Amino acid sequence: MAEDQMWEGQMWVEAWSPEYGSSSEVDGGLASSDEEVDPFVETTDWRAIVPSPSGHPAAAFIDGVDRVDARAFFGGGAATSPGLFGSVAAGAVVVDGGRARFETCEVQRWSVFGGGADPRVRPFSSAITYRGRSIPGTRPEELRNELQKSRSDLEEDLARRLAREGMLVIADGPLRVREPVNLVGYIKSHQKTYLSPGHAPVALALACGERTPIFGFGRIRPRYSWYTRIAAAPNQHPWAAIARCEVSTTVGLQRAIGLADLVTHHLPRFASKAFWDTRAPQNLVPIATLERKLWSLLGDRDLVMRRIRSGVRAGGRADA
Amino acid sequence: MPEEQVGRVLGVEPSTSTEFRVVIDADNYLQLDDLVQARTQVPKVGEVHLYGLVTEVAARYEGARFESDMFLIAEEGSLPAELARSASVQTIRVDPEIWVAPDPGEPVYRVSGKSRDKALYADEMGRRLPIGFARDGDPIWVDLDFFDGRKGGHISISGVSGVATKTSFALSFLRSLTAHPEVTGRAASNVRVLVFNVKQEDLLWLDKPNRGLTDQARAQWARMGIPSEPFPSVSFWAAPRSSVGMVPDTDSRSEGVSAFSWTPREFIENGLLRFLFAETGDFRQQLTFVEEKVRSQLARLAEPVEGREGVVRIGTRLVATLADLVEVVEQHVDPEDGEPDQAWTGRVQGGTAQAFMRRLRAAEHRIGRLIRADGRRVDRMAEAVTVVDLHKLHDFAQRFVVGALLDEVFAGKEKTGQRLPLQVILLDELNKYAPREGHSPIKDTLIDIAQRGRSLGIILIGAQQTASRVAPEVVENASIRVSGRLDAAEAERPEYGWMLPSTRQRARLFKPGTMVVFQPGIPAPLVFTFPYPPWATRPEEAVEEDPFEGLS
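Order-wise, the sequence lines are chains A and B. Heads up: the first sequence is residues 5 to 324, going by the working numbering. Heads up: the second sequence is residues 12 to 563, going by the working numbering.
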């Protein structure tokens with residue numbers, strides 16, 4: 005700390021680019037989770053845990069993206085139903101034998117219409133085919149949520165498939181799969197803390213490659229979780245470079261501890277650098293790259309929009 | 012042969028009718044100078060084939076944004092990246108001739124067989140002669156119509172001495188020419204080649220097998236349809252060692268080498284005096300003016316002497332040597348007593364006449380042994396290849412011999428008016444004999460040959476380190492241009508405009524034996540190699556036949 009600084013206390017500049025919000029929504033410290041948290045599933049001795057080194061397992065990183073390509077309306081007479089055309093994609097980067105490669109990147113295109121309307125959109129062209137979904141609601145966010153759901157379905161299917169093949173799978177975001185497989189949810193930003201004021205300092209004091217003891221939470225989807233520091237972050241917000249991971253309790257505690265150690269030991273290798281990514285270091289290199297790849301797979305937005313317009317004008321006939 | 016797809020037309024940037032890029036299949040490759048074919052569907056026309064030449068290849072990681080990403084990709088293994096390899100292609104032919112850009116994504120094939128012939132315009136060549144091999148290991152050809160005068164003539168070869176293998180290529184070409192009567196026709200079965208040997212005694216072994224010839228080279232010659240044997244019909248000529256006797260002045264070889272010379276009579280009748288004033292500065296100094304006067308006086312006054320073939324009488328004086336001739340001239344041009352005879356000198360300053368005489372006396376010393384009553388001229392008709400060794404001669408004498416022989420060829424052809432048999436002349440150091448600047452009688456002859464030789468049946472294979480220093484008339488009249496390794500600055504000159512930018516860049520890296528050829532029938536330069544010669548180029552390489560073989 006500089007001796008002659010103008011203020012008392014500490015100031016940090018957020019490491020993430022402003023458009024992503026903050027890696028930790030600080031508002032007088034992280035808000036506590038509403039969930040009932042059991043901090044002592046692994047140990048009552050709350051101290052940083054340094055996993056012992058282990059070999060590189062074959063690992064798959066999963067991510068997905070979604071995009072509203074166009075908003076649309078459907079109806080006859082006075083009643084119109086709002087809808088949207090959207091594209092989603094999910095894929096995996098498999099790291100194996102010292103090399104990373106893309107694997108099974110899939111794109112789906114959906115039309116979602118509200119108010120139960122179902123225009124039965126047929127393919128616009130051989131390359132662009134929107135499949136229809138219909139929801140009862142009509143609010144824009146309900147339509148959007150339906151699109152996001154199709155994206156997470158896609159991600160989950162892929163994660164489950166790769167995990168069943170025996171791979172260690174690291175999925176971007178909270179976990180929804182309840183299956184005893186090696187599937188780890190990787191949460192890079194913190195909206196709330198699961199730690200009591202007494203335990204939080206342990207997380208904040210973690211060194212790179214260390215983790216907190218496992219804690220448990222979740223009534224509907226019970227999970228084991230832990231915090232880990234994936235990079236040294238001097239002069240940054242205390243929660244910077246700290247990620248939270250979770251696994252389903254269906255794997256059992258012993259396997260959860262094994263996964264926690266394995267992941268904690270290897271994650272720092274995948275942390276991104278500040279110059280490299282605007283959400284460094286938590287945005288892992290394979291996931292950031294995958295995301296860019298998935299965006300490009302969605303196709304040029306203007307071109308897709310043009311296809312939709314001409315397709316709708318032609319009454320949805322193929323190759324309009 | 013099944014067609015081999017190597018990639019697809021790249022559409023990230025526009026493809027054009029003259030240039031496009033190919034993204035290469037993961038399990039294949041393209042290298043510089045490879046020939047490819049792109050097929051594209053054109054509305055109302057159908058399928059159009061674009062043939063092209065790979066001018067550059069590139070490889071990159073797609074998805075990598077920073078230089079340090081290489082470590083993440085190749086060392087850490089945390090960053091996935093697609094390896095993208097691509098090739099830039101210069102279109103050299105479109106069939107049918109619908110000049111369109113190939114559609115992105117269309118397949119690109121490596122040419123072979125018929126499609127390779129198309130790419131190289133071999134299907135349109137009247138008479139194709141193999142000259143070497145492209146990088147794909149198959150032959151490349153030149154169209155003889157552009158060599159022997161039918162549609163064009165002459166070859167110009169450029170390149171740095173020592174590594175450009177200019178003469179080796181020329182000889183290999185001539186070997187091919189003489190080995191393929193079915194291609195060359197009547198002209199070649201009786202072609203006559205005049206070769207000047209200017210460096211060491213490299214060319215005095217053309218008739219001897221090369222002991223260094225490998226089986227691989229042998230196979231290559233066989234593929235070109237040429238027996239891997241030395242030249243079957245060669246005569247060797249060198250200046251006589253001294254004014255007495257006709258012993259050829261050579262070091263490593265004397266067997267089979269004949270000495271040549273001219274008689275005073277031939278010297279005067281053929282006006283060879285002008286080749287003693289063949290330096291470009293001589294014109295400025297008015298020496299050529301005096302020379303002209305003297306030459307015509309000698310021609311007017313010289314009379315044959317009965318019973319002595321090469322000797323002439325000028326006035327009362329018998330002229331049997333160059334020394335005799337110089338004395339005769341001196342009496343008129345710079346007499347010890349009295350004034351110069353203006354019929355011999357014109358109205359030049361006394362100093363000019365004296366300079367003329369100084370040159371003539373120096374000439375007597377340098378080429379005296381070449382002018383003698385028992386003269387024997389080079390017999391260019393005796394064998395298919397005539398090698399005249401110049402390497403031991405003074406620069407001045409070299410000019411004289413080259414000038415005299417070129418003049419003899421040209422005058423002979425002009426006189427007979429017969430195009431056949433073709434007379435091919437192989438001359439290195441053209442920049443010396445036909446320099447870009449200045450006048451000289453040899454330059455005039457060479458320009459004459461370059462401009463009119465085609466119709467007379469005289470074909471010049473000229474070589475030089477730097478085409479930019481040679482008279483443009485000579486270089487520009489060569490239909491076929493060949494270059495070996497070039498100096499980097501030289502390669503940028505307009506004389507090499509026939510090369511692609513990529514070829515120019517690479518010309519300074521050519522290895523010995525690698526050359527690039529341009530001919531009117533193919534709108535792109537082609538890089539090729541030619542096989543190691545089956546004839547010796549040094550005494551150590553020559554396989555001597557055992558004189559006792561079969562006598563045991």
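We put the CB at the ideal spot given by N, CA and C, even for glycine. Just so you know, these numbers come straight off a predicted model, no measurement behind them.
| request: Kindly indicate which three-state DSSP category B:PRO545 falls into: helix, strand or coil? | output: coil
| field | Distance, B:PHE82 Cα to B:GLY88 Cα | value | 8 Å
| Distance, A:ARG215 Cα to A:TYR248 Cα | The amino acid at residue 248 of chain A is misidentified as Tyr; the sequence shows Arg. Their Cα atoms are separated by approximately 9 Å.
| Closest to B:GLU93 by CA distance: which of B:GLY74, B:GLN101 and B:GLU86 is it? | B:GLY74
| task | Would you please verify whether the beta carbon of A:GLY102 is less than 8 Å from any beta carbon of chain D? | result | No chain D appears in this structure, whose protein chains are A and B.
| said: Within a Cβ cutoff of 8 Å, which residues of the same chain sit near B:MET510, ignoring the five residues on either side of it in sequence? | reply: SER494, ALA502, ALA518, VAL527, PHE529 and PRO536
| Neighbour flag for A:LYS196 against chain B, beta carbons, 8 Å | no
| request: Spell out whether any CB of chain B is found under 8 Å from the CB atom of A:ASP323. | output: In this prediction, A:ASP323 has a pLDDT of 41, which is less than 50 and means its spatial position is unreliable; what the coordinates show is noted afterwards. For A:ASP323, the answer is no, since every Cβ of chain B falls outside 8 Å of its Cβ.
| Distance CB(B:LEU438)-CB(B:PHE207) smaller than 8 Å | yes
| request: Would you mind listing the beta strand (DSSP E) stretches within the stretch 230–300 of chain B that are 3+ residues and don't spill past its ends, in chain order? | output: 245–249 and 268–270
| query | Shortest alpha-carbon distance to B:VAL53 belongs to which of B:VAL65, B:ASP106 and B:ALA85? | reply | B:ASP106
| query | Where A:GLY32 and A:HIS241 are concerned, what is the direct C-alpha to C-alpha distance, given to the nearest angstrom? | reply | Here A:GLY32 scores only 49 on pLDDT, less than 50, and its place in the model is too uncertain to base an answer on.
| query | Per DSSP, which one or two residues make a beta bridge with B:GLN52? | reply | B:GLU58
| query | Is it right to say B:TYR507 is buried, meaning 16 or more other beta carbons lie within 10 angstroms of its own, or is it exposed? | reply | buried
| query | Can you give the Cα-Cα distance for B:ARG463 and B:VAL486, rounded to whole angstroms? | reply | 14 Å
| From B:SER563 to B:VAL202, what does the alpha carbon distance come to, in whole angstroms? | Here the model assigns B:SER563 a pLDDT of 47, short of 50, so the residue's position is not dependable and the matter cannot be decided.
| Supposed contact pair A:LEU210 and A:TYR231 - C-beta distance, whole angstroms, cut 8 Å | 7 Å
| query | Could you give the C-beta distance for B:ASP45 and B:ARG121, rounded to a whole number, given that I count them as a contact under 8 Å? | reply | 7 Å
| task | Output the distance between the C-alpha atoms of B:ALA145 and B:ALA133, rounded to the nearest integer angstrom. | result | 13 Å
| task | Can you tell me which of the three DSSP states B:ARG306 falls into? | result | helix
| said: Below 8 Å on C-beta distance, what does B:GLY74 contact in chain A? | reply: THR293, ARG296 and LYS297
| Taking the continuous alpha helix (DSSP H) assigned at B:ILE458, which residues delimit it? | 452–467
| A:PRO123 - containing beta strand (DSSP E), residue span | Looking at the DSSP string, A:PRO123 is not in any beta strand (DSSP E), and its letter there is neither H nor E.
| Leaving out five residues before and five after A:SER85 in sequence, what residues of the same chain have Cβ atoms less than 8 Å from its Cβ? | PHE77, PHE78, GLY79, PHE117, GLY118, GLY119, GLY120, ALA121 and THR142
| said: So, for B:GLU341: in the same chain, excluding its five sequence neighbours on each side, which residues have a beta-carbon less than 7 Å away from its beta-carbon? | reply: MET368
| message | Can you tell me whether B:ASP218 is helix, strand or coil according to DSSP? | response | coil
| query | What do you get for A:GLY213, buried or exposed, if any count of 16 or more other CB atoms within 10 angstroms of its CB means buried? | reply | buried
| Rounded distance between the beta-carbons of B:ARG276 and B:VAL322, thought under 8 Å | 7 Å
| request: Return helix, strand or coil for B:GLU171, following the three-state DSSP convention. | output: In the sequence as displayed, the identity of residue 171 of chain B is Val instead of Glu. Residue state, collapsed to three classes: coil.
| field | Contact list for the stretch 260–278 of chain A against chain B, Cβ threshold 8 Å | value | ARG273 and PHE274
| task | Check distances from the C-beta atoms of the stretch 89–123 of chain B to those of chain A and list, in chain order, the residues that come in under 8 Å. | result | SER89, LEU90, PRO91, ALA92 and GLU93
| said: Which residues in chain A have a C-beta closer than 7 Å to the C-beta of B:LEU83? List them in chain order. | reply: VAL289
| Comparing the C-beta of A:VAL308 with each C-beta of chain B, is any distance below 8 Å? | no
| said: Starting from A:VAL99, trace the alpha helix (DSSP H) in both directions and tell me its first and last residue. | reply: Looking at the DSSP string, A:VAL99 is not in any alpha helix (DSSP H); the run it does join, the beta strand (DSSP E), is 83–100.
| request: Identify the contact partners of B:GLU501 in chain A, using a Cβ-Cβ distance below 9 Å as the criterion. | output: Residues of chain A passing the Cβ test: none, with the nearest at roughly 45 Å.
| Of all Cβ atoms in chain B, is any one closer than 8 Å to the Cβ of A:LYS233? | Reading the sequence as shown, one finds Arg at residue 233 of chain A and not Lys. No, its Cβ sits nowhere closer than 8 Å to a Cβ of chain B.
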